[in-house]
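For the sequence shown, my numbering begins at 8 and goes up steadily by one. We put the beta carbon where it would ideally sit given N, CA and C, even for glycine. None of the values given here were measured: they were computed from a predicted structure. Scroll down for the structure; my scribbles are underneath it.
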Amino acid sequence: MPQFPLPPGSTLGILGGGQLGRMLALAAARLGFETAVLERDADSPAGQVATHTIVGGYDDPAALEALARLARVVTYEFENVPAASVLKLQALGVDVAPGAEALSVAQDRVAEKQFLNASGAPTVAFAFADSAAGAAAAAATMGAPLLMKTRREGYDGKGQRWVEHVADAAGAFEALGGRPVILEAPADFVRELSVIAARGRDGATAVYPLAENHHEHGILRRSLAPALVMPHIAFEAEKISARVLQGLNYVGVIGIELFEMRDGRLLVNEIAPRVHNSGHWTQDGCSVDQFEQHVRAVAGWPLGPTQPHARIEMLNLLGDEVDQWAKLAAEPDSRLHLYGKRDAKPGRKMGHVNKLRAL
Ligand SMILES: Nc1ncnc2c1ncn2[C@@H]1O[C@H](COP(=O)(O)OP(=O)(O)O)[C@@H](O)[C@H]1O
Ligand SMILES: [Mg+2]
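Dropping the structure here:
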């Protein structure tokens with residue numbers, strides 16, 4: 008097992024070569040680390056800036072062995088890392104952070120909600136089903152409307168269907184591919200918030216101010232942070248963060264998506280055991296951003312401060328919106344972050360811009 012704190016010059020492994028991996032690699036480089044990215048695609052956003060790229064699948068034993076030869080500490084930029092890959096890396100003496108427990112909880116929406124409720128972090132009411140008949144029965148008990156989601160592998164609103172009438176539940180189950188599903192009561196929220204939090208190897212925690220998030224077609228469009236919230240909401244978010252981080256014996260940065268309910272309660276929607284799109288504002292709103300914070304945590308360094316020094320409006324640049332780069336670059340209050348993706352497919356996250364406002 009590696010010794011902590013990991014000194015500069017050590018190599019940090021990253022599973023996944025997308026924009027989150029890229030921004031993690033950039034933050035790691037600034038602290039003097041080398042990085043090794045494992046990614047299927049030879050030309051990836053993270054691979055372009057990492058010290059080493061290993062081209063291969065996350066479940067490819069030879070690729071995992073190559074990663075373990077380079078890096079004694081490995082993290083990831085997406086939560087669908089196969090559990091067997093984590094076990095394999097651990098068997099090779101690698102420390103994987105966040106750990107297997109956080110991954111298994113975040114990979115299954117039912118396990119996630121069960122964990123949250125048991126930890127004192129409330130969620131919407133839910134049921135689950137493995138068959139069309141089971142989905143119909145669960146919907147009959149819960150009543151409609153409800154939101155049906157695949158238990159595993161959904162992201163950016165994919166793998167979800169609204170069920171307006173109980174009689175539609177069996178059809179929705181089939182339309183989602185006949186896979187195990189969760190059925191969720193509709194959240195009567197005023198707005199969506201999120202909190203980015205971190206826990207170090209010594210158990211210390213750090214929580215950033217809340218962000219207010221706006222989605223379009225299931226994809227994050229815009230975040231405003233720090234969000235203007237009542238003090239009890241900020242307090243509740245910190246309490247939830249502490250419970251989740253401790254309950255998972257967590258190491259690293261976590262993104263916690265929240266619903267601010269009409270009745271004043273705060274419910275957890277889902278957790279992401281990684282840096283999160285709604286935390287990109289910290290790059291230009293805080294002295295230590297979520298990427299550096301994550302590197303610090305997994306490397307066993309002290310966590311950095313989380314106080315904001317600016318209010319940020321973060322806008323995702325989706326598809327050909329990235330063509331506005333020259334105009335955005337000319338705006339004095341806009342900081343541009345581009346991901347190096349070659350192909351601007353519709354809806355694809357190509358970059359983001361942080362617009363600076365006075366606090
Ligand atoms: N139970 C719910 N009630 C109302 N809206 C929901 C509910 N669950 C999710 N949503 C909406 O759908 C979006 C995507 O759902 P989420 O569970 O976060 O999936 P994803 O993994 O795709 O981000 C949320 O940000 C929210 O706008
Ligand atoms: Mg979400």
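Check whether the Cβ of residue i lies closer than 8 Å to any heavy atom of ligand 2, and answer yes or no.
| i | result |
| --- | --- |
| residue 72 | no |
| residue 87 | no |
| residue 323 | no |
| residue 277 | yes |
| residue 219 | no |
| residue 264 | yes |
Please find out if some non-hydrogen atom of ligand 1 comes closer than 8 Å to the beta-carbon of residue i.
| i | result |
| --- | --- |
| residue 297 | no |
| residue 131 | yes |
| residue 124 | no |
| residue 166 | yes |
| residue 116 | yes |
| residue 254 | no |
| residue 194 | yes |
| residue 102 | no |
| residue 156 | yes |
| residue 271 | no |
| residue 199 | yes |
| residue 84 | no |
| residue 267 | no |
| residue 225 | yes |
| residue 245 | no |
| residue 171 | no |
| residue 354 | no |
| residue 162 | yes |
| residue 222 | yes |
| residue 191 | yes |
Based on DSSP bridge pairs, tell me the residues matched to residue i.
| i | result |
| --- | --- |
| residue 221 | 229 |
| residue 156 | 167 and 189 |
| residue 102 | 80 |
| residue 124 | For residue 124, which the question treats as bridged, DSSP gives no partner whatsoever. |
| residue 202 | 263 |
| residue 319 | 232 and 363 |
| residue 278 | 263 |
| residue 46 | 62 |
| residue 345 | 358 |
| residue 28 | Residue 28 pairs with nothing; no bridge assigned. |
| residue 41 | 18 |
| residue 214 | 204 |
For residue i, I'd like the list of residues in its chain whose CB is within less than 7 Å of its CB, leaving aside the five on either flank, ordered along the chain.
| i | result |
| --- | --- |
| residue 54 | 24, 44, 46 and 60 |
| residue 159 | 114 and 115 |
| residue 169 | 152 and 154 |
| residue 312 | 294 and 295 |
| residue 9 | 79, 80 and 102 |
| residue 193 | 152, 153 and 154 |
| residue 352 | 326 |
| residue 26 | 52, 346 and 356 |
| residue 35 | 19, 42 and 302 |
Please check the pair residue i and residue j, which I expect to be a contact at CB under 8 Å, by giving their CB distance rounded to whole angstroms.
| i | j | result |
| --- | --- | --- |
| residue 133 | residue 203 | Rounded, the Cβ-Cβ distance is 25 Å, inconsistent with contact. |
| residue 136 | residue 180 | 7 Å |
| residue 157 | residue 186 | 5 Å |
| residue 71 | residue 92 | 6 Å |
| residue 326 | residue 286 | About 22 Å separates the two Cβ atoms, so there is no contact after all. |
| residue 225 | residue 163 | 5 Å |
| residue 265 | residue 200 | 4 Å |
| residue 260 | residue 316 | At roughly 19 Å, the Cβ-Cβ gap does not stay under 8 Å, so residue 260 and residue 316 are not in contact. |
| residue 255 | residue 49 | Not quite, the Cβ-Cβ distance comes to about 34 Å (not below 8 Å), so this is no contact. |
| residue 267 | residue 240 | 6 Å |
Residues in its own chain within less than 8 Å of residue i by CB, not counting five upstream and five downstream?
| i | result |
| --- | --- |
| residue 123 | 129, 130, 251, 275 and 278 |
| residue 89 | 65 and 66 |
| residue 37 | 299 |
| residue 99 | 71, 72 and 75 |
| residue 258 | 104, 105, 106, 206, 207, 208, 304 and 305 |
| residue 142 | 136, 155, 176, 177, 179, 180, 188 and 190 |
| residue 150 | 173 |
| residue 140 | 177 |
| residue 340 | 362, 363 and 364 |
Excluding the 5 residues flanking residue i on each side, which residues of the same chain have their C-beta closer than 6 Å to its C-beta?
| i | result |
| --- | --- |
| residue 244 | 202 and 217 |
| residue 345 | 358 |
| residue 347 | 52 and 55 |
| residue 57 | 32, 42 and 44 |
| residue 229 | 221 and 322 |
Practice problem: Tell me, please, whether the region 234–250 touches the region 208–218 by the rule of three or more beta-carbon pairs shorter than 8 Å. | Solution: yes
Quiz item: Touching or not, the region 136–154 and the region 114–128, by the rule of three or more beta carbon pairs under 8 Å?
Solution: no
Quiz item: Within the chosen definition, does the region 15–33 reach the region 83–100 through at least 3 CB pairs nearer than 8 Å?
Solution: yes
Self-check item: Cβ contact (3+ pairs, closer than 8 Å) linking the region 317–334 and the region 350–363
Solution: yes
Exercise. Spell out a yes or no on whether the region 170–177 and the region 234–243 are touching, meaning 3 or more CB-CB pairs, one atom from each, closer than 8 Å.
Key: no
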